[in-house]
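Let me begin by presenting the structure, written as structure tokens, before commenting on it.
Number of protein chains: 4
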Amino acid sequence: MKANRMEAFSDGVLAIIITIMVLEFKVPEGHDWHSLTGLIPKIMSYIVSFVYVGIYWNNHHHLLHTVRRINGKLMWLNMLLLFCLSLVPFTTAWMGESHFAPTPTALYGIVLLMAAVAYMFLQRAIIGQHPADSVIVSAMGKDLKGKLSPILYLLAIIMAYVMPWVSCFFFVLVAIVWFVPDKRIEQALSMHNEEHGA
Amino acid sequence: MKANRMEAFSDGVLAIIITIMVLEFKVPEGHDWHSLTGLIPKIMSYIVSFVYVGIYWNNHHHLLHTVRRINGKLMWLNMLLLFCLSLVPFTTAWMGESHFAPTPTALYGIVLLMAAVAYMFLQRAIIGQHPADSVIVSAMGKDLKGKLSPILYLLAIIMAYVMPWVSCFFFVLVAIVWFVPDKRIEQALSMHNEEHGA
Amino acid sequence: MKANRMEAFSDGVLAIIITIMVLEFKVPEGHDWHSLTGLIPKIMSYIVSFVYVGIYWNNHHHLLHTVRRINGKLMWLNMLLLFCLSLVPFTTAWMGESHFAPTPTALYGIVLLMAAVAYMFLQRAIIGQHPADSVIVSAMGKDLKGKLSPILYLLAIIMAYVMPWVSCFFFVLVAIVWFVPDKRIEQALSMHNEEHGA
Amino acid sequence: MKANRMEAFSDGVLAIIITIMVLEFKVPEGHDWHSLTGLIPKIMSYIVSFVYVGIYWNNHHHLLHTVRRINGKLMWLNMLLLFCLSLVPFTTAWMGESHFAPTPTALYGIVLLMAAVAYMFLQRAIIGQHPADSVIVSAMGKDLKGKLSPILYLLAIIMAYVMPWVSCFFFVLVAIVWFVPDKRIEQALSMHNEEHGA
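Structural data, given as structure tokens:
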């Protein structure tokens, strides 16, 4: 029951994060297509962030299904993840507003990196609740995506000062890599259920 | 269970979308009725958008009840629908602010068209989960409203550059057409339940 | 099940309405107590609106428990109520900003009156689902509060142009009258349950 | 069932409170790290407030699990707590904006004190529902944290006019003290369940 409430609270926060980003689209002065030009980089960064929050919502949902019992540690690691993601609307707006200038683009990568690290901590704490030889642990252990993403974020942060569009390419690349729901856990869960006949 | 969570997340996003539109009503400088004059086109566009989001919330609810199993495709088509609807507050504000100028009115129609297309994709993906000869498929196949709306949106987009008030008339017309909950699915569902004795 | 979802959606909208009102408290320029003076009428109107939304949330909850089946009519009457309440943050901010000037105070009363009428419609539609001689119908029929409130709102609207503080007194008075949860329905429901042995 | 709905509504309000605080991070004019300097005190106060709302969410959740029946009194004491917490985004923004000036820092402490007192009232009302010799009452009776926090808030309010950084130290100290979920209630609940064989 407690896990349900943590899930519902996280869902609420993620739904608000994903929606308040549109508050950054200020109504332009003019009334023609030209007056929307300034919004193009903003909407591009909004699309990427929308996909990221969607990915986190989806993977978070899969991850929480493997929780055995909620404790203070899990609760606060989850809050840490939500905190990092709550900074996404600000960095999204700044990156868009600045037309992908180096520092705002680097900061966008830093916040994504922080969220990825928080997610990794949460994942490890949940894996730690399962016996070391369980299907879930071995399935999660591979976690290629989880190990690849921080490296790509780091590259994006560095490249922001050389060629910001390369950073944007990396952000989109990671989003595509994660686009598909986390099959690992889904498979492990179904195997786990078969094992225990549930 | 998973469908429930997608429904709850969508509900949260729709509730926020419908409510943050009021944030566009800036407190006017004056303190008399005259100072509200500038808000009249804003509140008119707000009413129309409120009804649209209400319609989507209601039909979305009916539609999700016919889902057999959630997968990555459904989840992302649902996110696409929410993304399109998340642009409604911006276009509502711009259309109202501009007193129904051509381009903002056309953009309002474009966003509604995008949402209608996203909804159609979601509907098709869900229909695809049912056998071709099921009651639900045949009931949805007729879908006159769903086929009529995009045509009316297209007309509204074109008319925005000729007579914007005709576009507004089309927006209100589509809203009225959809006002009544989707009986098709309701009936198909009850027939479906009878068939399977559930 | 459907009633649950309408309740959850309404809860979401009410939670957002009650919370976005604080966005009107702009951070003042100065850093001393004196710079908060301008916020005093705002916080006073916020407190009254907070109590009103709380009352609606509470009574709405009691009311929905007596629903037998959700249909399109109920769903749209509920949306009408939410629409009226969604205007409360704007009128609250305007009334506070204007230091209880006549027109903003009258508009505040008008929006409360609209919400009260929408609630009455919703209540009648729900009563209509019950047989005329049921305990719930006879209990609701008395509805002194429901009949008194619109009269007090009307008086408040008129008095706004004579002595605005009298209007404020009426707003507070109605809030106090409604403060206690709707015992009528609670009692009727428990009698109803006894009758049917549920 | 009713307690569930109060919990869900409170969760919604707390999720919004915790998320709208980020709306205070206005996109800076410049596009370099230096232009973020002005945001540092804001983000510091945001972190502290995020942890406080997280703590309230967590303890509130534990507390509501001990509720036997919801009545008007509990419902309104809960609304009082939500009202106090709804003022946190404003005081957080003002304290950050003013770079921890005396009055904004004192007001931050006053709002935390108000929330602590509201929580205490809610807790007492819930304790009052249990027999005086129950495990829960004796466990809650100790409540060292609950008695210590208001004293530290009071000290912080006074110190804001002498050395504001001492106030900040007290705010962080109380947050650390409460960081760990309320073991008292958790233990009492498990004992309670054992007693009644549930």
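Residue numbers (the working numbering), protein chains in the order written: chain W, 19 to 216; chain H, 19 to 216; chain G, 19 to 216; chain E, 19 to 216. Even for Gly, the Cβ is constructed at its ideal location relative to N, Cα and C.
Cα-Cα, which of the options is closest to residue i?
| i | options | result |
| --- | --- | --- |
| residue 66 (chain G) | G:118, G:144, G:169 | G:118 |
| residue 99 (chain W) | W:57, W:135, W:147 | W:135 |
| residue 24 (chain G) | H:76, H:132, H:34, H:130 | H:76 |
| residue 22 (chain W) | W:88, W:114, W:131 | W:88 |
| residue 183 (chain W) | W:124, W:44, W:80 | W:124 |
| residue 6 (chain W) | W:109, W:188, W:71 | This structure gives no information on residue 6 (chain W), because the portion of chain W shown stretches from 19 to 216. |
| residue 15 (chain E) | E:170, E:54, E:148, E:193 | Residue 15 (chain E) lies beyond the residue range present for chain E, which begins at 19 and ends at 216; the question has no answer from this structure. |
| residue 164 (chain E) | E:54, E:141, E:181 | E:141 |
| residue 161 (chain W) | W:181, W:196, W:191 | W:196 |
| residue 83 (chain H) | H:190, H:180, H:145 | H:145 |
| residue 97 (chain E) | G:37, G:102, G:44 | G:37 |
| residue 190 (chain W) | W:26, W:51, W:57, W:69 | W:69 |
| residue 42 (chain H) | H:107, H:55, H:103, H:32 | H:107 |
| residue 51 (chain E) | W:74, W:152, W:116 | W:116 |
In chain W, which residues lie with their C-beta within 8 Å of the C-beta of residue i?
| i | result |
| --- | --- |
| residue 111 (chain H) | 45 |
Ordered along the chain, which non-local residues of its own chain (more than five positions away) have a Cβ less than 7 Å from that of residue i?
| i | result |
| --- | --- |
| residue 216 (chain H) | In this prediction, residue 216 (chain H) has a pLDDT of 45, which is less than 50 and means its spatial position is unreliable; nothing more can be read from the coordinates. |
| residue 143 (chain W) | 91, 92, 95 |
| residue 105 (chain H) | 129 |
| residue 47 (chain W) | 53 |
| residue 173 (chain W) | 188 |
| residue 78 (chain W) | 28 |
| residue 102 (chain W) | 129, 132, 133, 136 |
Report the neighbours of residue i on chain G: residues whose CB is nearer than 8 Å to its CB, in chain order.
| i | result |
| --- | --- |
| residue 38 (chain E) | 37, 38, 40, 41 |
| residue 164 (chain H) | Per Cβ cutoff of 8 Å: no residues; residue 164 (chain H) is ~18 Å from chain G at best. |
Who are the Cβ neighbours of residue i in its own chain at under 6 Å, not counting the five residues just before and after it?
| i | result |
| --- | --- |
| residue 112 (chain W) | 122 |
| residue 178 (chain W) | 120, 123, 124, 185 |
| residue 19 (chain H) | With a pLDDT of only 49 at residue 19 (chain H), under 50, the local geometry of the prediction cannot be trusted, and no value is derived from it. |
| residue 139 (chain H) | 95 |
| residue 192 (chain W) | 167, 170 |
| residue 109 (chain W) | 125, 126, 129 |
| residue 114 (chain E) | 59, 60, 63 |
| residue 9 (chain H) | No information on residue 9 (chain H) is available, as it lies outside the stretch 19 to 216 that chain H covers here. |
Report the three-state DSSP secondary structure of residue i (helix, strand or coil).
| i | result |
| --- | --- |
| residue 148 (chain H) | coil |
| residue 29 (chain G) | helix |
| residue 216 (chain G) | Per-residue confidence for residue 216 (chain G) stands at a pLDDT of 44, beneath the threshold of 50, marking its modelled position as unreliable; the derived number appears in the next sentence. Coil. |
| residue 78 (chain H) | helix |
| residue 88 (chain H) | coil |
| residue 178 (chain E) | coil |
| residue 23 (chain H) | helix |
| residue 47 (chain H) | coil |
| residue 162 (chain G) | helix |
| residue 189 (chain E) | helix |
| residue 116 (chain W) | coil |
| residue 83 (chain E) | coil |
| residue 170 (chain W) | helix |
| residue 105 (chain G) | coil |
Give the residues of chain G in contact with residue i, contact being defined as C-beta atoms less than 7 Å apart.
| i | result |
| --- | --- |
| residue 33 (chain H) | 27, 30, 31, 34 |
Show which residues of chain W have a CB atom less than 7 Å away from the CB atom of residue i.
| i | result |
| --- | --- |
| residue 121 (chain H) | 49, 50, 51 |
| residue 62 (chain H) | Chain W residues near residue 62 (chain H): none, gap ~16 Å exceeds 7 Å. |
Give me the chain E residues within the contact set of residue i, using Cβ-Cβ distance strictly less than 8 Å, ordered along the chain.
| i | result |
| --- | --- |
| residue 75 (chain G) | 27 |
| residue 108 (chain W) | 40, 43, 45 |
| residue 116 (chain W) | 49 |
Among residues of its own chain, excluding the 5 on either side of residue i, which ones have a beta-carbon nearer than 8 Å to its beta-carbon?
| i | result |
| --- | --- |
| residue 175 (chain H) | 124, 127, 128, 131, 185 |
| residue 39 (chain G) | 64, 67, 68, 106, 107, 110, 111 |
List, in order along the chain, the chain H residues whose C-beta lies closer than 8 Å to that of residue i?
| i | result |
| --- | --- |
| residue 101 (chain G) | 65, 68 |
Mind pulling the chain H residues with CB within less than 7 Å of residue i?
| i | result |
| --- | --- |
| residue 87 (chain G) | Chain H residues near residue 87 (chain G): none, gap ~12 Å exceeds 7 Å. |
| residue 72 (chain W) | 97 |
| residue 79 (chain W) | 23 |
Determine the chain E residues that contact residue i at a beta-carbon separation under 7 Å, and present them in chain order.
| i | result |
| --- | --- |
| residue 104 (chain W) | 37, 40 |
Run through chain H and tell me which residues come within less than 9 Å of residue i, C-beta to C-beta.
| i | result |
| --- | --- |
| residue 181 (chain G) | The contacting residues do not exist; residue 181 (chain G) stays about 16 Å from chain H at best. |
Counting beta carbon pairs with one atom in the region 46 to 62 of chain W and one in the region 129 to 145 of chain W, are three or more of them shorter than 8 Å? No, the region 129 to 145 of chain W is not in contact with the region 46 to 62 of chain W.
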